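Take 142 as the starting number for the sequence shown in our numbering and just add one per residue.
These notes are about the structure you will find just below.
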Amino acid sequence: MNRSRLHELLADFERGDLSREALVEELACLPFRELPEARIDTHRGLRQGLPEVVLGQGKTPVQLVCIARALLQEDGEVLVTRVEPEAAARVREDLPELTYHAQARVLSLRKVSAARATRGTIVVVTAGTADVPVAEEAALTAEHYGNKVERLYDVGVAGLQRLLASLDLLRSAQVLIVVAGMEGALPSVVGGLVERPVVAVPTSVGYGASLQGISALLGMLNSCSPNVTVVNIDNGFGAAFVASLINRE
């Protein structure tokens, strides 16, 4: 349930095309729907403007099928993150309409009519090629939410000329998602070049002293660029969610 669907139901009721009993039945599942091993938040799209997303990690294919099917019935769209290839293949046996994006480990189906008013473009930037899986999770999530997304990959500070060559693209963004491992320096550099919000994503990419992304996380938290904010390690989804809210009309 989201605001658009609720307005449709109320309009149908006012015209007499929907009975009071049918309207109550449509709303009966609010604010959640009970499943054997989950409670689907059917009210989230109405509260936050964006429907619930499923974390696939730790869930069995049977659980994922049950949850995804319920979301499709409620909203007509579904997004599941952190799904390994074997689990995705088993889910698609029951729900072949879902698309699996292997690099991002994302299963999705988006309604054609799910366009949302946005202010501009979200540009997703990575320091290195090893950061791309997290960046793709962010990019696909942002696209799922109806944003126009541009990608700029492998432009880290070890070769700064690669980033500066795309300065026009950076400055055209409404919001930027910058993904980096190692020392996590790239978001500060990008933040110093643009007048837009920068959502920094530390990744677990790097040698021993990177501490599985903790060094990048601390570096980003200590950024001297005041337009930089930070999400958790490898959290491409969280970055895209926040960027989508910023970019929403």
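The beta carbon of each residue, even a glycine, is placed where N, CA and C say it ideally should be.
Only a predicted model underlies this, so the values are computations on that prediction, with no experimental measurement involved.
Query	Result
Can you find the residues in the same chain that come closer than 8 Å, C-beta to C-beta, to R161, ignoring five residues on each side of it along the sequence?	F154
Assuming V372 and L362 are in contact, meaning their beta carbons sit under 8 Å apart, how far apart are those beta carbons, in whole angstroms?	Contact doesn't hold; Cβ gap of about 11 Å is too wide.
Checking the sheet assignment: what are the DSSP bridge partners for R389?	T259
Cβ of P343 within 8 Å of Cβ of I374?	yes
Give me the DSSP bridge partner(s) of A321.	P343
Relative to the alpha-carbon of E225, which residue among V206, Q198, V296, E215 has its alpha-carbon at the smallest distance?	Q198
By how many angstroms is the C-alpha of E278 removed from the C-alpha of N368?	22 Å
With E390 and R251 assumed to form a contact (beta carbons below 8 Å), what rounded beta-carbon distance in angstroms separates them?	Contact flag wrong, Cβ pair sits at about 19 Å.
How should E227 be labelled, buried or exposed, when 16 other C-beta atoms within 10 angstroms of its C-beta is the threshold for buried?	exposed
With a 10 Å radius around its C-beta and 16 neighbouring C-beta atoms as the bar for buried, classify D237 as buried or exposed.	According to the sequence shown, residue 237 is Pro rather than Asp. Per the 10 Å Cβ criterion, exposed.
Beta-carbon separation of V232 and L248 under 8 Å?	yes
Is it the case that the stretch 328–337 contacts the stretch 309–316, given that we only count it when at least three CB pairs across the two stretches are under 8 Å?	yes
Take H242 and list the residues in its own chain whose beta-carbon comes closer than 6 Å to its own, dropping the five residues that flank it on each side.	L281
So the candidates are L308, Q302, Y286; which of them puts its Cα closest to the Cα of V383?	Y286
In angstroms with no decimal places, state the Cα-to-Cα distance between D295 and E149.	45 Å
Report, in whole angstroms, the separation of the C-beta atoms of V346 and A276, which I expect to be a contact under 8 Å.	About 11 Å separates the two Cβ atoms, so there is no contact after all.
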